[in-house]
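Peer 1: Per my numbering, residue 95 is the first one in the sequence shown, and the count goes up by one each step. This structure is in structure tokens; I'll ask about it shortly.
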Amino acid sequence: MLASFNKGKYVTYVGYTKNLKKRLFLHNNSKGAKFTRGRNWLLIYKKKIKNKSEALKQEYKLKKNYKLRKNILSNYLN
């Protein structure tokens with residue numbers, strides 16, 4: 095999960111990738127997903143999963159669970 099401070103509040107982004115360093119570099123250089131362009135992103139949570147199917151399931155759950163995302167963000171900020 096990535097976080098960015100924008101207009102006085104934090105925004106989070108969840109995504110799946112095989113190459114985390116490359117993906118973060120692309121997001122921070124406005125080459126990633128449209129939502130991520132123009133922001134400076136920090137990695138605040140990652141989870142290594144062995145297969146793509148399970149990774150995509152976990153990504154979907156985290157994307158939809160805003161309460162969990164908020165908890166992860168607050169743990170990072172403390």
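Idealized CB from N, CA, C, for every residue including glycine. Model, not experiment: these values are computed from the prediction.
Using the three-state DSSP reduction, which class does Asn100 fall into: helix, strand or coil?
Peer 2: Asn100 falls in the strand class under three-state DSSP.
Peer 1: If we call anything under 8 Å between Cβ atoms a contact, is Lys157 one with Val108?
Peer 2: It is a contact, given that the beta carbons lie within the stated cut-off.
Peer 1: Under three-state DSSP, which class holds Thr182?
Peer 2: Absent from the structure is residue 182, since the part of the chain shown begins at 95 and ends at 172.
Peer 1: Mapping DSSP to helix, strand and coil, what is Tyr139?
Peer 2: Tyr139 falls in the coil class under three-state DSSP.
Peer 1: Since Ser92 and Trp135 are thought to touch, with beta carbons under 8 Å apart, how far apart are those beta carbons, to the nearest angstrom?
Peer 2: Any answer about residue 92 is impossible in this case: the structure gives the chain only from 95 up to 172.
Peer 1: Looking at the strands, I want to know which residues DSSP matches up with Thr106.
Peer 2: According to DSSP, which records beta bridges pairwise, Thr106 is partnered with Ala97.
Peer 1: If Thr106 and Met95 are in contact, beta carbons under 8 Å, what's the gap, nearest whole angstrom?
Peer 2: Going by Cβ atoms, the distance from Thr106 to Met95 rounds to 6 Å, so yes, they are a contact pair.
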